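Novice: Taken in order, the sequence shown gives residues -18 to -1, 1 to 253; the numbers are from mature numbering (1 follows the signal peptide of the UniProt record, and there is no 0).
Note that the Cβ used here is the ideal one computed from N, Cα and C, for glycine as well.
Remember, predicted model here, so these are calculated numbers, not experimental data.
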Amino acid sequence: MAWLVWCSLAALCAPVLGHGRVLDPPGRGTAWRAGFPAKPDYDDDGLNCGGFYHQWSVNGGRCGVCGDAYDSPTPRAHELGGTYGQGDIVASYRPGASLRAVVDLTASHKGYWEFRLCPDPLANQQDCFDKYLLQLEHGGTKYYPTEGSTKYAVTYKLPEGLICEHCVLQWKYTAGNNWGVCANGTQGLGCGNQEEFRACSDVSVTVARTHDVETLETVPEGYEEIPYPLFFYLRHGFFDLEQGKEVNLDVGNEAVDLDVGNYNTILVSGE
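Below, the structure written as structure tokens:
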């Protein structure tokens, strides 16, 4: 009987793993899912700083800026120069513009996430990201996912005046399903040390843009399975890489053939 009680308590106290990844702009370990010629990371939703125990008991709460274990050899796997850190730009924005991030929680465990931006791709220190904590469209910085394990499209505001040809966007998800000591000395779910997830996406924030078009305002059903470059066009309204292929996009009631290899001349608008 005592053994059964001990096992029950251990199950309640043990950290339960949550999982998540950034689909748009795709993280370094996820870029292959959007059609980029990137090395596939089949565990791209598990960048949890080496695991709860390893992060807090071995590394004292420290974590690599892109979700790798802090004590991993540098450059860590998801940092620039690492296994998945190829540095391919996956999205381009204007200074002060809106950034629409799509996060896929494959196993949600409450908590919240934030996005930060570092204008130096070689800076693998958290303080670079902390200088540019992105604001949500309607204020605040913390987004609390309440719909469980699903995909979330959340809009953020980029800093005014920040320009970088190659910046790194960091997603930091702090789960809230562990029991711990709260700041006021009480105990509760979501207090104390929690499991953390991170991901890094290579983006650019520049004044120039190829051209202006109307973009789709909703995330298409099954969009994550759409091959690049159509995925990128649906998100941003313009192509950023020459693919040398032809795709067919239904804009309004009119089907338009797009020559991706000559994207600089394309101008499409819906109804």
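According to the Cβ coordinates, are threonine 87 and glutamine 152 closer than 9 Å?
Specialist: Here residue 87 refers to the residue found at position 105 when the sequence shown is read from its first residue. Here residue 152 refers to the residue found at position 170 when the sequence shown is read from its first residue. Looking at the sequence shown, residue 87 is not threonine but leucine. Taking 9 Å as the Cβ cut-off, leucine 87 and glutamine 152 do not qualify as a contacting pair.
Novice: Considering Cα atoms alone, identify which of Leu144, Val187 and Gly32 is closest to arginine 58.
Specialist: On the sequence shown, position 76 is the one that residue 58 refers to. Comparing Cα-Cα distances from arginine 58 to each of Leu144, Val187 and Gly32, the minimum goes to Gly32.
Novice: Spell out a yes or no on whether the segment 120 to 137 and the segment 160 to 170 are touching, meaning 3 or more CB-CB pairs, one atom from each, closer than 8 Å.
Specialist: With a cut-off of 8 Å, the segment 160 to 170 and the segment 120 to 137 do not count as touching, because too few Cβ pairs lie within range.
Novice: If you check the beta carbons only, do alanine 181 and aspartate 53 fall under 9 Å apart?
Specialist: As a position in the sequence shown, residue 181 is number 199, starting the count at 1. As a position in the sequence shown, residue 53 is number 71, starting the count at 1. Cβ atoms of alanine 181 and aspartate 53: not closer than 9 Å.
Novice: Taking Cβ to Cβ, would you say lysine 113 is nearer than 9 Å to glycine 172?
Specialist: For this step, residue 113 is matched to residue 131 along the sequence shown. For this step, residue 172 is matched to residue 190 along the sequence shown. Cβ distance not < 9 Å, so lysine 113 and glycine 172 don't count as in contact.
Novice: Quick one: grab the DSSP three-state call for tyrosine 94.
Specialist: Position 112 of the sequence shown, counted from the first residue, corresponds to residue 94. Here tyrosine 94 sits in strand by DSSP.
Novice: Straight-line CA distance for glycine 2 to asparagine 41?
Specialist: As a position in the sequence shown, residue 2 is number 20, starting the count at 1. As a position in the sequence shown, residue 41 is number 59, starting the count at 1. Going from the Cα of glycine 2 to the Cα of asparagine 41 covers about 22 Å.
Novice: Starting from the C-beta of alanine 13, find all residues in its chain whose C-beta is less than 7 Å away, skip the five residues before and the five after it, and write them out in chain order.
Specialist: The residue you call residue 13 lines up with position 31 of the sequence shown. Closer than 7 Å at Cβ, skipping near neighbours: Ala20, Asp70 and Val72.
Novice: Does DSSP put arginine 3 in a helix, in a strand, or in coil?
Specialist: By 1-based counting over the sequence shown, the position of residue 3 is 21. Here arginine 3 sits in strand by DSSP.
Novice: Apart from the five residues on each side of it in sequence, which residues of its chain come closer than 8 Å, Cβ to Cβ, to valine 189?
Specialist: Indexing the sequence shown from 1 puts residue 189 at position 207. Within the same chain, valine 189 has close Cβ partners Arg76, Pro77 and Ile145.
Novice: In angstroms with no decimal places, state the Cα-to-Cα distance between serine 186 and glycine 11.
Specialist: Along the sequence shown, read from residue 1 onward, the residue named residue 186 stands at position 204. Along the sequence shown, read from residue 1 onward, the residue named residue 11 stands at position 29. Roughly 18 Å separates the two Cα atoms.
Novice: Can you give me the Cβ contacts of alanine 155 inside the same chain, cut-off strictly under 6 Å, excluding the 5 residues immediately before and after it?
Specialist: Position 173 of the sequence shown, counting from 1, holds the residue named residue 155. Contrary to the premise, residue 155 reads as tyrosine rather than alanine in this sequence. Only Gly2, Trp95 and Phe179 meet the Cβ criterion.
Novice: In the structure shown, what three-state DSSP assignment does alanine 13 receive?
Specialist: In the sequence shown, the residue the question calls residue 13 occupies position 31. Helix at alanine 13.
Novice: According to the Cβ coordinates, are leucine 62 and valine 150 closer than 9 Å?
Specialist: Counting from 1 along the sequence shown, the entry for residue 62 is found at position 80. Counting from 1 along the sequence shown, the entry for residue 150 is found at position 168. Yes; because the gap between Cβ atoms is below 9 Å, this pair is in contact.
Novice: From the DSSP output, which residues share a beta bridge with tyrosine 138?
Specialist: For the purposes of this step, residue 138 is taken as residue 156 along the sequence shown, with counting starting at 1. DSSP output for tyrosine 138 lists Leu81 and Leu118 as bridge partner(s).
Novice: Tell whether a beta-carbon distance below 9 Å holds between serine 183 and glycine 67.
Specialist: For the purposes of this step, residue 183 is taken as residue 201 along the sequence shown, with counting starting at 1. For the purposes of this step, residue 67 is taken as residue 85 along the sequence shown, with counting starting at 1. For serine 183 and glycine 67, no; Cβs fall outside 9 Å.
Novice: When the distance is taken between beta carbons, is phenylalanine 34 closer than 9 Å to glutamate 147?
Specialist: Stepping through the sequence shown from its first residue, residue 147 is reached at position 165. Stepping through the sequence shown from its first residue, residue 34 is reached at position 52. It is not a contact, given that the beta carbons lie outside the stated cut-off.
Novice: Can you check whether the C-beta of alanine 79 is within less than 9 Å of a C-beta belonging to chain D?
Specialist: No chain D appears in the structure shown, which is made up of a single protein chain.
Novice: Under 8 Å by Cβ, that's how I've got lysine 139 and leucine 116 pegged, so tell me the actual separation to the nearest angstrom.
Specialist: As a first step, residue 139 must be located in the sequence shown, where it is residue number 157. As a first step, residue 116 must be located in the sequence shown, where it is residue number 134. Rounded, the Cβ-Cβ distance is 7 Å, consistent with contact.
Novice: In angstroms with no decimal places, state the Cα-to-Cα distance between glycine 158 and aspartate 23.
Specialist: As a working note, residue 158 is residue 176 in the sequence shown. As a working note, residue 23 is residue 41 in the sequence shown. Near 26 Å, if we compare the C-alpha coordinates of aspartate 23 and glycine 158.
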